[in-house]
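Position 52 of the sequence shown, counted from 1, bears residue number 52 in full-length UniProt numbering, the numbering being contiguous throughout.
Note sheet for the following structure.
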Amino acid sequence: MTRALLGIAALVVAIGAGAALGALLFRPVSPRGLEETPAVVDTPVVQRTIDDRRSIRLALELGPSASLKSPSDGLITESACQAGQAIASGDHMMTLGDQRLYALATAIPLWRDLGPGDQGDDVTALQAELQRLGYLVDADGRIGPQTLRSVADLVGLSGTPAFSSYALIPRASFVWLPEPSVVPSSCAASAGEGIVEHDEIAVLDRTLVRARVVDMPADLLPGQRLLTVDGRDFPVEEAGILEDPQALAELQTTSSYQHWLSAQNDEPAPNLDASLSLAEPTLVHAVSPSAIYEVDGADACVLDNGLPRPVKILSSELGQTHILFPDGAPAPASLPAPPRNAASCR
Numbered sequence: 001m002t003r004a005l006l007g008i009a010a011l012v013v014a015i016g017a018g019a020a021l022g023a024l025l026f027r028p029v030s031p032r033g034l035e036e037t038p039a040v041v042d043t044p045v046v047q048r049t050i051d052d053r054r055s056i057r058l059a060l061e062l063g064p065s066a067s068l069k070s071p072s073d074g075l076i077t078e079s080a081c082q083a084g085q086a087i088a089s090g091d092h093m094m095t096l097g098d099q100r101l102y103a104l105a106t107a108i109p110l111w112r113d114l115g116p117g118d119q120g121d122d123v124t125a126l127q128a129e130l131q132r133l134g135y136l137v138d139a140d141g142r143i144g145p146q147t148l149r150s151v152a153d154l155v156g157l158s159g160t161p162a163f164s165s166y167a168l169i170p171r172a173s174f175v176w177l178p179e180p181s182v183v184p185s186s187c188a189a190s191a192g193e194g195i196v197e198h199d200e201i202a203v204l205d206r207t208l209v210r211a212r213v214v215d216m217p218a219d220l221l222p223g224q225r226l227l228t229v230d231g232r233d234f235p236v237e238e239a240g241i242l243e244d245p246q247a248l249a250e251l252q253t254t255s256s257y258q259h260w261l262s263a264q265n266d267e268p269a270p271n272l273d274a275s276l277s278l279a280e281p282t283l284v285h286a287v288s289p290s291a292i293y294e295v296d297g298a299d300a301c302v303l304d305n306g307l308p309r310p311v312k313i314l315s316s317e318l319g320q321t322h323i324l325f326p327d328g329a330p331a332p333a334s335l336p337a338p339p340r341n342a343a344s345c346r
């Protein structure tokens, strides 16, 4: 009897040991990565500056056709007019007989000869253009020594005996330009031809009078904007309109504009590719997407020191989300991943 009990006890012990060994050998093995995964920690908030650059298209508007007229009669002995080559205010344009004619862009065309003491809006317009060309004159609307010396220099008399005695600004010495710089599409008269006053001497390319952003983006960051075409920047109004004559004149010199101009016979008329950016880059914060929750379009929330805080999503790139804090308070140094039951910031 004793031997039987001992045998049963030995069997029970053996079975128990085998079960323990089996549990040890065949227990589930956790992946090494999971065993070593640390607890979720806060992710850093990094300051960055962005210019909010967007690719846009420009619709361009041209003014009516125009031409340059001769201010006097005579035989053309020299002409600087060439199709496609810009004529700027102050340039020598042509010679009639021995009289040199200069291009001049004034707000009011010169309609009379001007001498000492003459006054009027045409005098003010002349003085304003002389100032733009770099001459030190007062735009006081009265012809005085400063104005006479400046015009004498403009027409090439500096350093000659005639410079000091220059006392009359002849209207017939100037071809009026409607803009500071124009580009003839064709020249209507050449050397050896006779012309009379008001004859057409050049036909101008139609001038760019307005550029407008097509489909202005609705989610732009606030701030003054720049249009960029071929690497050149142009200040633009909030509505995406460019009407400044000097900026438009510079825009016309870009290769993109020349390409656009050559395609004007296409249907439909093309738009010009450009970009729109902030004139002064703005400060934003780059955060991990895991720190953002309750996303609704550009609106979202983060947990700042345990409290929900609203943010604006600007963009995402390379695993980072760019945000703004609309409340204007300082940004935290880091942000946690929110729990599933995180409170709303709205």
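Note that the Cβ used here is the ideal one computed from N, Cα and C, for glycine as well.
Continuous alpha helix (DSSP H) stretch holding Glu243: start and end: Here Glu243 belongs to no alpha helix (DSSP H), and DSSP marks it neither H nor E.
Residues near Pro289 in its chain [Cβ-Cβ closer than 6 Å; skip 5 each side]: Thr321
Run of the beta strand (DSSP E) containing Asp304, from where it starts to where it stops: Asp299 to Asp304
Proximity to Arg340 [Cα-Cα], best of Thr77, Pro330 and Ile292: Ranking the options by Cα distance to Arg340, first place goes to Ile292.
Stretch pair the region 146 to 155 + the region 167 to 175: three plus CB contacts closer than 8 Å: yes
Spatial neighbours of Thr106 in its chain, beta-carbon cut-off 6 Å, leaving aside the 5 residues before and after: Ala125, Leu126 and Glu129
Residue(s) in a DSSP beta bridge with Leu104: Trp176
Among Gly74, Thr77 and His285, the one whose alpha carbon lies nearest that of Val46: His285
Contact between the region 66 to 75 and the region 197 to 208 (3+ Cβ pairs under 8 Å): yes
CB contact flag (Glu61, Arg232, <8 Å): no
Residue from Met94, Ser262 and Asp296 whose Cα sits closest to the Cα of Ala189: Met94
For Val183 and Ala86, believed in contact at Cβ under 8 Å, the rounded distance: 5 Å
Candidates Asp91, Ala218, Val311 and Val213, of which the one nearest Ser173 by Cα: Asp91
Integer-rounded CB distance, given that Val229 should sit under 8 Å from Thr254: 5 Å
Candidates Gly194, Val214 and Ala80: closest to Cys187 by CA position: Ala80
Minimum C-alpha distance to Leu204 - residue among Pro178, Arg212, Glu193 and Val214: Pro178
Which residues DSSP lists as bridging Tyr293, in chain order: Answer is Cys301, bridged to Tyr293.
Beta carbon of Leu221 nearer than 8 Å to that of Leu278: yes
Beta-carbon proximity list for Gly134, same chain, < 8 Å, skipping 5 on both sides: none
Helix, strand or coil at Pro308 according to DSSP, with G and I counted as helix: strand
CA-to-CA distance, Ser65 to Arg206, given in whole angstroms: 5 Å
C-beta contact flag for Leu303 and Pro330 at 8 Å: Taking the C-beta atoms as reference points, Pro330 is found no nearer than 8 Å to Leu303.
The alpha helix (DSSP H) enclosing Phe234, as first and last residue numbers: If you look at Phe234, you'll find it isn't in any alpha helix (DSSP H); it sits in the beta strand (DSSP E) that goes Arg232 to Val236.
Inter-residue CB distance, Leu248 and Leu208 (contact presumed, cutoff 8 Å): 5 Å
Bridge partners - Thr207, DSSP secondary structure assignment: According to DSSP, which records beta bridges pairwise, Thr207 is partnered with nothing at all.
CB contact flag (Phe272, Leu58, <8 Å): Strictly speaking, residue 272 in this sequence is Leu, with Phe absent from that position. Result yes, Cβ atoms of Leu272 and Leu58 sit closer than 8 Å.
Contacts around Gly156, its chain only, beta-carbon distance under 8 Å, and the 5 residues preceding and following it disregarded: His92 and Arg100
Three-way DSSP call (helix, strand, coil) for Val229 in this model: strand
Three-state secondary structure assigned by DSSP to Leu220: coil
Rounded straight-line distance, which links the Cα of Glu193 to that of Gly74: 9 Å
Alpha-carbon to alpha-carbon, Arg48 and Gly328: 16 Å
Close beta carbons around Pro332, own chain, < 8 Å, minus the five adjacent residues each side: Val45, Asp304 and Asn305
Neighbour-count burial assignment, Ser181, 16 or more Cβ in a 10 Å radius: buried
Bridge partners - Asp327, DSSP secondary structure assignment: Per DSSP, none; premise fails for Asp327.
Member of Arg142, Arg53, Ala191 and Pro217 whose CA lies at the smallest distance from the CA of Glu78: Ala191
Limits of the beta strand (DSSP E) - the one that Pro184 falls within: Judged by DSSP secondary structure, Pro184 falls within the beta strand (DSSP E) whose first and last residues are Pro184 to Cys187.
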